[in-house]
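Each remark here refers to the structure printed beneath this line.
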Amino acid sequence: MQFLDSLNAAQRKAVLHDPQTPLQILAGPGSGKTKVLTSRIAYLILEHGIPPSSLCAVTFTNKAANEMRERLSKLIGKQKTAEVRMGTFHALCALFLRKFSKVVGIEGNFTICDTEESKKVISGLLKRHKEFLSSSDITLKEGTVLSLISKAKSKSMSAKDFIAEHSKPSTSNFDPEEEVQRIVGTIYGEYEKSLRRSNSLDFDDLLLYGVRLFSEHSPATNWCMHVLVDEFQDTNVTQYELMRAIALPTNGCVTVVGDPDQSIYGWRSAEVGNLARMRKDFVSSQQILLEENYRSTAAILKASLAIVSQDKSRIQKTLLTSNPSGTVPVLRSFPTEHAEAEFIAVEIKRIVASMGGVLRWGDFAILLRFSALSRAIESALQKEAIPSIVLGGHKFFERLEIKDLLSYLQLVDNPDFTPALTRAIGVPPRGIGEKSVQALVSRAELTKKSVLGVIELIYDAKQPDVKPAVKSKIGSFVKTVRVLRKLASEGTSPADLVRRLLDLIEYETHLKKTQPEWESRWENVQELITFASDIDNDGSSVAPEVESGVKDTPLRLFLQASMLSSEGDKQSEEDSKEKVTISTCHAAKGLEWPVVMIPAVEQGTFPFYRTDDVPEERRLLYVACTRAQSLLYLSHASKRKVGGETKTKEISEFVAAATKEHPGIFTARTSQFPHTERTVISKVLDRPEAKEAEVTRRMTEFRRTTRHEDTSERNEVSWHPALAVAGVTRKTNTSTFVASSTMASFSAPRAPAPATGQVLAPVRQNMVGSGLQTGALLKVQPDSSSDSQTAQPTGGVKRRLGMGRGTMGFPNKKFKPPIQQP
Numbered sequence: 002m003q004f005l006d007s008l009n010a011a012q013r014k015a016v017l018h019d020p021q022t023p024l025q026i027l028a029g030p031g032s033g034k035t036k037v038l039t040s041r042i043a044y045l046i047l048e049h050g051i052p053p054s055s056l057c058a059v060t061f062t063n064k065a066a067n068e069m070r071e072r073l074s075k076l077i078g079k080q081k082t083a084e085v086r087m088g089t090f091h092a093l094c095a096l097f098l099r100k101f102s103k104v105v106g107i108e109g110n111f112t113i114c115d116t117e118e119s120k121k122v123i124s125g126l127l128k129r130h131k132e133f134l135s136s137s138d139i140t141l142k143e144g145t146v147l148s149l150i151s152k153a154k155s156k157s158m159s160a161k162d163f164i165a166e167h168s169k170p171s172t173s174n175f176d177p178e179e180e181v182q183r184i185v186g187t188i189y190g191e192y193e194k195s196l197r198r199s200n201s202l203d204f205d206d207l208l209l210y211g212v213r214l215f216s217e218h219s220p221a222t223n224w225c226m227h228v229l230v231d232e233f234q235d236t237n238v239t240q241y242e243l244m245r246a247i248a249l250p251t252n253g254c255v256t257v258v259g260d261p262d263q264s265i266y267g268w269r270s271a272e273v274g275n276l277a278r279m280r281k282d283f284v285s286s287q288q289i290l291l292e293e294n295y296r297s298t299a300a301i302l303k304a305s306l307a308i309v310s311q312d313k314s315r316i317q318k319t320l321l322t323s324n325p326s327g328t329v330p331v332l333r334s335f336p337t338e339h340a341e342a343e344f345i346a347v348e349i350k351r352i353v354a355s356m357g358g359v360l361r362w363g364d365f366a367i368l369l370r371f372s373a374l375s376r377a378i379e380s381a382l383q384k385e386a387i388p389s390i391v392l393g394g395h396k397f398f399e400r401l402e403i404k405d406l407l408s409y410l411q412l413v414d415n416p417d418f419t420p421a422l423t424r425a426i427g428v429p430p431r432g433i434g435e436k437s438v439q440a441l442v443s444r445a446e447l448t449k450k451s452v453l454g455v456i457e458l459i460y461d462a463k464q465p466d467v468k469p470a471v472k473s474k475i476g477s478f479v480k481t482v483r484v485l486r487k488l489a490s491e492g493t494s495p496a497d498l499v500r501r502l503l504d505l506i507e508y509e510t511h512l513k514k515t516q517p518e519w520e521s522r523w524e525n526v527q528e529l530i531t532f533a534s535d536i537d538n539d540g541s542s543v544a545p546e547v548e549s550g551v552k553d554t555p556l557r558l559f560l561q562a563s564m565l566s567s568e569g570d571k572q573s574e575e576d577s578k579e580k581v582t583i584s585t586c587h588a589a590k591g592l593e594w595p596v597v598m599i600p601a602v603e604q605g606t607f608p609f610y611r612t613d614d615v616p617e618e619r620r621l622l623y624v625a626c627t628r629a630q631s632l633l634y635l636s637h638a639s640k641r642k643v644g645g646e647t648k649t650k651e652i653s654e655f656v657a658a659a660t661k662e663h664p665g666i667f668t669a670r671t672s673q674f675p676h677t678e679r680t681v682i683s684k685v686l687d688r689p690e691a692k693e694a695e696v697t698r699r700m701t702e703f704r705r706t707t708r709h710e711d712t713s714e715r716n717e718v719s720w721h722p723a724l725a726v727a728g729v730t731r732k733t734n735t736s737t738f739v740a741s742s743t744m745a746s747f748s749a750p751r752a753p754a755p756a757t758g759q760v761l762a763p764v765r766q767n768m769v770g771s772g773l774q775t776g777a778l779l780k781v782q783p784d785s786s787s788d789s790q791t792a793q794p795t796g797g798v799k800r801r802l803g804m805g806r807g808t809m810g811f812p813n814k815k816f817k818p819p820i821q822q823p
């Protein structure tokens, strides 16, 4: 097995580990965990003779599962790879719940209810409590309720459990928080009844019902001989119980891969303690550490470790690399968020030019603690004509036009799914309002039939109409559903069903009438057909058919794939190839970029001011830093607007402590990228170096085209090194300031502004066009128009009041600037 030769000692030890002994692989960032996991699967099949269909490999995203499939196919071939039961926790549960639905008391044609549909159900339930909430001055949104319910489900708590946990002895004092918990508990129970009536499960239900199935029904687990779990540190209590239910019948044949230092999803109920829990439940468990990093330079790893190692309670492990030391990570301070954003934009352009094209826009990522920080940065990138994309934007299957079409198909597959009906019946508009729909729902509840069943009976004149009357309006709707139902029962492919649906409801015409950007929406419809065609070709189940009397239809497989798909990841990846990526730190986990910039590394941001888990916030910054391969930038502002109010900010305690303990892990100076540094970057990225002539050409173009408008919030002392190092022309309100390459001394983080009249360090070099002579001094003058102070020339430089007003370019033609010395 030649693939073993490419493994280092620790990786090889993990792959060859006895499959009968539970194994925890603690893999640091960039240490090759996916390679080890796929190699272990291949070794279990090729060396130990375990049938591929007896292996259960669980991932957290479809993207991770697809990557594993691709790698595994190269090791054991596509046929054997296809037999491995590989996919997300949710996909695995959905597959087996389809086959053994009766065991847990549900129907096999259940619909997977997505987050938006869940919110709609809860919104309706909240209306019953609207009067009480209003009179009690309590605001409770459906998103909050759903989040609390989801957290309860992640801990395997039922509605009764939730109510019992939050019940307190009654007191005479009104407690708003207690009332909120009471209402949420009540809605939780009603929400569950609503889902069951609609024959649907939400994402949390997939796991809960999966645990029941795998725990109580041995035929659902007797196929498994070994369980492998990726990103184990991100599992919640329910997912751990799911793994345990599948693994226990194998006598503990389980391998998990994770890194407690990268546990950053506590807010989604992830339990980093599951690693310790596994060692108690599987007492013979052993640990192997993967500490050799293949992603980043040594300098980046040193800075990252200095941050995370402040947590003395963590499992002590390190990161090693054979990569060169590389460029020291940059830590910069700015007066405002706008100055910070402008620096980031210009620095990106300068790096691209300095590297002679070795780095492109798509090689840069700007990682944010929360998405609201992107506004100033997006604006600055736009001003510099730098294309960007926000990672994890509006996902494909959440778009209006996609949900419109899927609602019809969901209704065909599951007539009881009321959320699909309430959407589909209004697309295109048929004059059936909310009151009419509610009347139909009430009739359905009264007669214990589905809403669709009631509508069909009214249409066929087998049941009286409701008020307001709908019989004259539902004809086209019923005909459409019946045509699609017949085609689906005949096994028509999902792609053809979508095409037929488009014709039946004249959806393109509907989009033209209702959507200004209908062309782009129509393109999304075409992409849905493409997705359906792909499902037709390669199937959508995560595993081969389980022996069962239940047969999934092509439509059902398509709907399941659409609900569980992370197609948004694929789309972002394609779109971001030539664009700077803007992402939250959470969304960036598992990804990497040659250059990473992390702004707003400040108290209140890292750690986040609302957090209850400071160590997790530290780990989050560590994860963000370790996404970088060759260059890392951290920055912070001394003042930042929050909610329209300017607030003073301090550097993050994580960074402050790390720099105090390890001086030199960051630098304030931005690199001029000499040949030696360009060589290291190219080596780390395994890319050919740029020719010197190309670097020169691009830098010349950069200096020629990069110009900025001045603002009252910026001064010459804090001028960006991205411009200073490159000799970039800077425009001010009334003049032009040219920064020469000798101004690198201005790249240090901005110190507190000196008192009025305090003389700063002399400028020892001419600044062409600046009006400064050799030996001139900069003197700070008060500026009543801004919080900032403006550096003014003094000592040999004349300045006439009213001419230039605080600038140094002397634009007034009647005033001659000092003669430049040769």
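Okay, so the sequence shown: first residue is 2 according to the numbering used here, each after it adds one. The beta-carbon is built from N, C-alpha and C at its ideal position, and this holds for glycine as well. No experiment lies behind these values; they were computed from the predicted model shown.
(1) Look at the Cβ atom of P495, then the Cβ atom of A445, and state whether they are nearer than 8 Å.
(2) Of the choices A10, S74, L406, T116, whose alpha-carbon is the least far from that of D497?
(3) Is V284 helix, strand or coil by DSSP?
(4) By how many angstroms is the C-alpha of A43 removed from the C-alpha of L76?
(5) Where DSSP assigns a beta bridge to D417, which residues make up the other side?
(6) Cutting at 7 Å between CB atoms, please list the residues of its own chain near E457, excluding the five before and the five after it.
(7) Which one of Q240, P595, E143 has the shortest CA to CA distance from L686?
(8) Let me know the secondary structure DSSP gives C626 once reduced to three states.
(9) Based on the DSSP output, what are the partners of G357 in its beta bridges?
(10) Please classify G796: does DSSP put it in a helix, a strand, or coil?
(11) Cα separation between K571 and V59?
(12) For G357, is the beta carbon positioned less than 7 Å from some heavy atom of the ligand GTP?
(13) Determine the closest residue to I123 out of S102, K156, T187, S159, with distance taken between C-alpha atoms.
(14) Identify the residues that DSSP records as bridge partners of Y634: which are they?
(15) Using the Cα positions of H91 and Q234, report the straight-line distance between them to the nearest angstrom.
(16) Let me check one thing: in DSSP terms, what residues is V230 bridge-paired to?
(17) May I have the straight-line CA-CA distance separating V353 from S297, to the nearest angstrom?
(18) Of the choices N223, L276, Q263, whose alpha-carbon is the least far from that of N252?
(19) Does the beta-carbon distance from K161 to V238 come in below 8 Å?
(20) In the DSSP assignment, the beta strand (DSSP E) including I390 goes from what residue to what residue?
(21) Of all the options K152, R370, G274, which has the alpha carbon lying nearest to the alpha carbon of Y623?
(22) Among G605, A657, G29, P555, which residue has its Cα nearest to the Cα of S264?
(23) Where does K14 fall in DSSP's three states?
(24) Look up L8 in the DSSP assignment and say whether it is helix, strand or coil.
(25) Cα separation between E379 and I247?
(26) Per DSSP, what kind of secondary structure is K648 in: helix, strand or coil?
(27) Helix, strand or coil, according to DSSP, for A340 in the structure here?
(28) Drop a sphere of 10 angstroms on the beta-carbon of Y634, count the other beta-carbons inside from all chains shown, and report buried for 16 or more, exposed for fewer.
(29) Got a sec? Which residues, its chain only, sit under 6 Å from V590 by beta carbon, not counting five neighbours each side?
(30) Could you tell me which residues DSSP puts in a beta bridge with F365?
(31) At what residue ranges does the region 426-454 contain a whole run of the alpha helix (DSSP H), taking only runs of 4 or more?
(32) What whole-angstrom Cβ distance do E68 and T35 have, given they're in contact under 8 Å?
(33) Please state whether the Cβ-Cβ distance between V257 and V284 is less than 8 Å.
(34) Between the region 39-57 and the region 10-17, do three or more beta carbon pairs fall short of 8 Å?
According to the data block:
(1) The count along the sequence shown starts at 1 and reaches residue 495 at position 494. The count along the sequence shown starts at 1 and reaches residue 445 at position 444. No, these two residues do not count as a Cβ contact at 8 Å.
(2) In the sequence shown, the residue the question calls residue 497 occupies position 496. Selection A10, S74, L406, T116 evaluated against D497 yields L406 as nearest (Cα-Cα).
(3) Residue 284 sits at position 283 when you count from the first residue of the sequence shown. If DSSP states are grouped into helix, strand and coil, V284 belongs with coil.
(4) On the sequence shown, position 75 is the one that residue 76 refers to. On the sequence shown, position 42 is the one that residue 43 refers to. Here the C-alpha atom of L76 lies approximately 7 Å from the C-alpha atom of A43.
(5) Residue 417 sits at position 416 when you count from the first residue of the sequence shown. Checking the DSSP bridge columns, you'll see D417 has no partner listed.
(6) Here the question's residue 457 lines up with position 456 in the sequence shown. Correct list, in chain order: V479.
(7) Numbered from 1 along the sequence shown, position 685 holds the residue referred to as residue 686. The candidate whose alpha carbon is nearest that of L686 is P595.
(8) Your numbering for residue 626 matches position 625 in the sequence shown. Under the three-state reduction of DSSP output, C626 falls in the helix class.
(9) On the sequence shown, residue 357 is found 356 positions in, with the first residue counted as 1. In the DSSP assignment, G357 forms no beta bridge with any residue.
(10) Position 795 of the sequence shown, counting from 1, holds the residue named residue 796. Low local confidence applies: a pLDDT of 38 at G796 is under 50, so the model's placement there is unreliable, with the coordinate-based value given in what follows. It is coil, neither helix nor strand.
(11) For the purposes of this step, residue 571 is identified with residue 570 of the sequence shown, where counting begins at 1. For the purposes of this step, residue 59 is identified with residue 58 of the sequence shown, where counting begins at 1. Because K571 sits at a pLDDT of 44, beneath the cut-off of 50, its placement in the model cannot be relied upon, and the following sentence gives the value as read from the coordinates. Take the alpha-carbon of K571 and the one of V59: they are about 19 Å apart.
(12) Of ligands this structure carries none, so the ligand GTP is not represented either.
(13) Counting from one through the sequence shown, the residue named residue 123 turns up at place 122. The option with the nearest alpha carbon to I123 is T187.
(14) Here residue 634 is taken as the residue at index 633 of the sequence shown, counted from 1. Bridge partners of Y634: V331, M598.
(15) Numbered from its first residue, the sequence shown carries residue 91 at position 90. Numbered from its first residue, the sequence shown carries residue 234 at position 233. One C-alpha to the other measures close to 17 Å.
(16) The sequence position of residue 230 within the sequence shown is 229, counting from 1. Beta-bridge pairing links V230 to V59, V257.
(17) In the sequence shown, residue 353 corresponds to position 352, counting from 1. In the sequence shown, residue 297 corresponds to position 296, counting from 1. Looking at the two C-alpha atoms, the distance is approximately 19 Å.
(18) Here residue 252 refers to the residue found at position 251 when the sequence shown is read from its first residue. It is N223 whose Cα lies nearest to the Cα of N252.
(19) Position 160 of the sequence shown, counting from 1, holds the residue named residue 161. Position 237 of the sequence shown, counting from 1, holds the residue named residue 238. Contact flag unset, no.
(20) As a working mapping, residue 390 is identified with position 389 in the sequence shown. I390: member of the beta strand (DSSP E) spanning 389-391, first to last residue.
(21) On the sequence shown, position 622 is the one that residue 623 refers to. Residue R370 is the option with its Cα nearest to Y623.
(22) Against the sequence shown, residue 264 aligns to sequence position 263. Closest option to S264, Cα to Cα, is G29.
(23) Here the question's residue 14 lines up with position 13 in the sequence shown. Collapsing the DSSP output to three states places K14 in a helix.
(24) Counting from one through the sequence shown, the residue named residue 8 turns up at place 7. In this structure, L8 counts as coil in the three-state DSSP scheme.
(25) Taking the sequence shown and counting its residues from 1, one reaches residue 379 at position 378. Taking the sequence shown and counting its residues from 1, one reaches residue 247 at position 246. Looking at the two C-alpha atoms, the distance is approximately 46 Å.
(26) Within the sequence shown, the letter at position 647 stands for residue 648. Strand.
(27) Residue 340 sits at position 339 when you count from the first residue of the sequence shown. It is helical.
(28) Sequence index remark: in the sequence shown, residue 634 carries index 633 (1-based). Under a 10 Å Cβ-count criterion, Y634 is classified as buried, with 16 or more other Cβ atoms of the shown protein chains found around its own Cβ.
(29) If you number the sequence shown from 1, residue 590 lands on position 589. A small fix is needed here, since residue 590 is Lys in this sequence, not Val. Same-chain partners within the cutoff: V624.
(30) Looking up residue 365 in the sequence shown gives position 364. Note: F365 sits in a beta bridge opposite V596.
(31) Those alpha helix (DSSP H) runs which fall completely within the region 426-454 and span 4+ residues are 435-448.
(32) Numbered from its first residue, the sequence shown carries residue 68 at position 67. Numbered from its first residue, the sequence shown carries residue 35 at position 34. Beta-carbon to beta-carbon, E68 and T35 are separated by about 6 Å, close enough to satisfy the 8 Å threshold.
(33) Taking the first residue of the sequence shown as position 1, residue 257 is located at position 256. Taking the first residue of the sequence shown as position 1, residue 284 is located at position 283. Going by beta carbons, V257 and V284 fall outside the 8 Å limit.
(34) A contact between stretches requires three or more CB pairs, one per stretch, nearer than 8 Å, and the region 39-57 meets this requirement with the region 10-17.
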